[in-house]
Amino acid sequence: MSAGASVAIAATFVWLGMVTAISFMEAPLKFRAPNATIPICLGIGRLVFRALNSAEFLLAAVIAVTFAIERPTVGIAVTYAIALAMLAAQVLAVRPALGRRADQVLSGLEAPRSRAHYAYVALELVKVAALVPLGILLLSR
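Here numbering that gives the first Met the number 0 is used: position 137 in the sequence shown is 136, and no number is missing along the way.
Have a look at this one:
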């Protein structure tokens, strides 16, 4: 196995682990912490997801560099593109809506319930569903 392939595999599984740990464990659990207020949880969520998305883009860039060194198969390229597209949609389309709602709540306004969280989670599920086969395909090449 080449060094580039090893790096791509590691980056893929680190990306997958970060997304599953933060989106599906940390995010819902923080709202159940004793004495945690909605404003505090929203502030933490903003910080954590901004950092997560930045790390995801970095990992995606690392994977892309390995593809420049060793051309990916069609399956690898497609699963990577799906994961990257979901990340881009989350950051460009969904996170701004979540941020506006958080701003309203943090300023004390009555903010209507938002479906943006559902969109974010749906995109996250698709991303995970792409990262798993991406990692497997990278391991098997």
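Quick reminder that beta carbons are idealized off the backbone N, C-alpha and C, glycines included.
Query: With a threshold of 16 other CB atoms inside 10 Å of the CB of M0, please say whether the residue is buried or exposed.; Result: exposed
Query: Can you tell me the Cβ-Cβ gap for V6 and T72, rounded? I've got them flagged as a contact below 8 Å.; Result: Actually they do not touch by this definition, with Cβ atoms about 17 Å apart.
Query: Give me the Cα-Cα distance between G74 and H116, rounded to the nearest whole angstrom.; Result: 29 Å
Query: Using a Cβ-based criterion (distance less than 7 Å to any ligand heavy atom), does F66 qualify as near the ligand MG?; Result: Ligands are entirely absent from the displayed structure, and the ligand MG is therefore not among its contents.
Query: Going by DSSP, what residue range makes up the alpha helix (DSSP H) through E55?; Result: I37 to I68
Query: Considering only the beta carbon of each residue, do T11 and I62 sit closer than 8 Å?; Result: yes
Query: Could you check what DSSP says for S22 in three-state terms: helix, strand or coil?; Result: helix
Query: Since A2 contacts R140 with CB under 8 Å, what's their CB separation in whole angstroms?; Result: At roughly 14 Å, the Cβ-Cβ gap does not stay under 8 Å, so A2 and R140 are not in contact.
Query: Would you be able to state if there are at least three C-beta pairs under 8 Å between the segment 74-87 and the segment 26-34?; Result: no
Query: Does the distance from the CB of S53 to the CB of E123 come in under 8 Å?; Result: no
Query: Counting only the same chain and skipping the five closest in sequence on each side, list residues whose C-beta sits under 7 Å from that of L110.; Result: The sequence as given places Ala at residue 110; Leu does not occur at that position. The answer, listed in chain order, is R100, Q103 and V104.
Query: Which residues in the same chain as E55 place their Cβ atom closer than 8 Å to its Cβ, once the five residues preceding and following it in sequence are excluded?; Result: W14, M17, V18 and L86
Query: By a C-beta neighbour count over all protein chains shown, 10 Å radius and 16 as the cutoff for buried, is G42 buried or exposed?; Result: exposed
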